[in-house]
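Peer 1: If you scroll down you'll find the structure; I have some questions about it.
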């Protein structure tokens with residue numbers, strides 16, 4: 004009798020242990036080194052959102068955080084190695100930024116869900132035919148709203164006499180190249196009468212500064228490369244009207260841009276992206292919907308004008324520009 008009772012108890016423990024192991028979810032983050040915080044807010048908000056939905060780290064969910072060593076294509080082998088290592092054990096991959104495309108190449112033939120959190124809308128459309136319909140595949144996510152048309156519209160409002168705007172990119176950075184294609188695809192009307200010059204940072208900052216002078220550039224912007232070389236490019240003394248892929252919130256934008264030469268731009272809250280990703284992930288883990296049914300979601304776009312920088316750079320900001328933005332930095 005004692006032996007039988009011991010056997011039943013042991014069997015129960017084995018069963019419970021197996022059940023707990025089966026219920027333990029694994030989420031793998033893959034992110035790259037874009038300053039200032041490398042998508043840390045995305046991870047923080049995903050974990051917090053999942054906790055609110057009943058997924059407590061160490062109890063019924065575990066996280067793996069893969070941070071690449073660089074911000075450019077040199078890190079692609081690290082991305083591929085991480086996918087290979089966790090593809091068969093992960094319940095969800097959350098891939099941040101352009102690395103999503105390389106993870107996608109390895110995950111699209113698998114059953115493992117992947118969320119891009121976040122990527123540029125133009126990058127999302129490289130991986131999916133639509134961002135407004137159910138994907139019908141194991142990929143969804145949060146996409147950033149940085150319409151090049153709106154950047155140029157802001158530029159025209161702030162500099163009504165401007166002729167030449169430079170899109171400054173780094174040809175070694177995939178996100179820069181995809182966004183370049185978005186600029187090149189603008190209709191004449193969406194360029195708002197602005198001539199766009201394309202200048203490659205791979206030639207060096209000094210070359211970019213020389214082209215600024217020779218081509219009479221009056222303002223410039225970009226995505227990743229411009230941010231990485233912001234201090235060197237600032238020597239031009241030109242106003243920057245740009246997209247910011249920064250891990251900052253609305254309350255922080257003033258402190259971040261006030262002393263810079265960024266006169267205006269667009270940014271998206273990465274924290275908002277993380278919270279949306281947590282809801283999507285929890286719904287999938289709960290069985291409320293499959294990844295194939297999970298429609299991608301847009302981030303929350305915020306436009307700003309920096310009056311402090313405008314004053315230093317002698318840019319007269321018209322009232323129409325102030326009306327067109329969400330935040331005015333003084």
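In the numbering used here, the protein residues as written are 4 to 333. Cβ coordinates follow ideal geometry from the N, Cα and C atoms, glycine included.
(1) Does the distance from the CB of residue 288 to the CB of residue 28 come in under 7 Å?
(2) What first and last residue would you give for the alpha helix (DSSP H) that runs through residue 128?
(3) Determine which residues share a DSSP beta bridge with residue 47 and list them.
(4) Are there 16 or more other CB atoms within 10 angstroms of the CB of residue 122, so buried, or fewer, so exposed?
(5) Kindly indicate which residue of 185, 141, 161 has the alpha-carbon position closest to the one of residue 111.
(6) So is residue 314 buried or exposed if we call it buried at 16+ other beta carbons inside 10 Å?
(7) Under 8 Å: do the segment 65-72 and the segment 26-41 share three or more Cβ pairs, one atom per stretch?
(8) Run through DSSP, which three-state label would residue 18 get?
(9) Note the first and the last residue of the continuous alpha helix (DSSP H) segment covering residue 274.
(10) Give the C-beta separation of residue 105 and residue 82 to the nearest angstrom, bearing in mind that I take them to be a contact with Cβ-Cβ under 8 Å.
(11) With DSSP run on the structure shown, which of helix, strand or coil describes residue 105?
(12) Have a look at 272, 248, 130 and flag the residue whose alpha-carbon is nearest the alpha-carbon of residue 254.
(13) In chain order, what residues of the same chain lie with their CB nearer than 7 Å to the CB of residue 152, ignoring the 5 residues before and after it?
(14) Report the three-state DSSP secondary structure of residue 302 (helix, strand or coil).
(15) I believe residue 331 touches residue 311 by the beta-carbon criterion, under 8 Å. Please report the beta-carbon distance rounded to the nearest angstrom.
(16) Which value, in whole angstroms, describes the spacing of the CA atoms of residue 171 and residue 129?
(17) Beta-carbon separation of residue 300 and residue 48 under 7 Å?
(18) Please name the residue, chosen from 157, 78, 246, 57, that lies closest to residue 282 on a Cα-to-Cα basis.
(19) Residue 87: buried (16+ other C-beta within 10 angstroms of its C-beta) or exposed?
(20) Can the beta-carbon of residue 269 be found less than 7 Å from the beta-carbon of residue 231?
(21) In this structure, how does DSSP classify residue 110 when only helix, strand and coil are distinguished?
(22) As an exercise, report each continuous alpha helix (DSSP H) stretch of at least 4 residues that is fully enclosed by the segment 182-221, in chain order.
(23) Determine the closest residue to residue 164 out of 322, 222, 177, 259, with distance taken between C-alpha atoms.
(24) Provide the residue(s) that pair with residue 309 in DSSP beta bridges, ordered along the chain.
(25) Does the Cβ-Cβ distance between residue 198 and residue 167 come in under 7 Å?
(26) Leaving out the 5 sequence neighbours to the left and right, which residues in its chain are closer than 6 Å to residue 317 when beta-carbon positions are compared?
(27) Identify the residues that DSSP records as bridge partners of residue 143: which are they?
(28) Please classify residue 302 as buried or exposed, where buried requires at least 16 neighbouring CB atoms within 10 angstroms.
(29) Below 8 Å on the Cβ atoms is my contact criterion, and I expect residue 210 with residue 225 to pass it. Report the Cβ-Cβ distance as a whole number of Å.
(30) Return the residue from the list 327, 292, 319, 326 that minimises the CA-CA distance to residue 138.
(31) In whole angstroms, what separates the C-alpha of residue 43 from that of residue 250?
(32) DSSP three-state call for residue 170: helix, strand or coil?
(33) Would you say residue 102 and residue 35 are within 7 Å of each other, going by their C-beta atoms?
(34) If you follow the beta strand (DSSP E) that residue 28 is part of, which residue opens it and which one closes it?
(35) Using the Cα positions of residue 177 and residue 248, report the straight-line distance between them to the nearest angstrom.
Peer 2: This is what the structure gives:
(1) yes
(2) 124-130
(3) DSSP output for residue 47 lists no bridge partner at all.
(4) buried
(5) 141
(6) exposed
(7) yes
(8) Confidence at residue 18 is low in this model, with a pLDDT of 41, below 50, so its placement is unreliable and the value that follows should be read with caution. If DSSP states are grouped into helix, strand and coil, residue 18 belongs with the helices.
(9) 273-288
(10) 5 Å
(11) helix
(12) 272
(13) 189, 193
(14) coil
(15) That belief does not hold up - the Cβ atoms of residue 331 and residue 311 are roughly 10 Å apart, past 8 Å.
(16) 21 Å
(17) no
(18) 57
(19) exposed
(20) no
(21) helix
(22) 208-217
(23) 222
(24) 332
(25) yes
(26) none
(27) 118
(28) buried
(29) Rounded, the Cβ-Cβ distance is 15 Å, inconsistent with contact.
(30) 292
(31) 8 Å
(32) strand
(33) yes
(34) 28-34
(35) 14 Å
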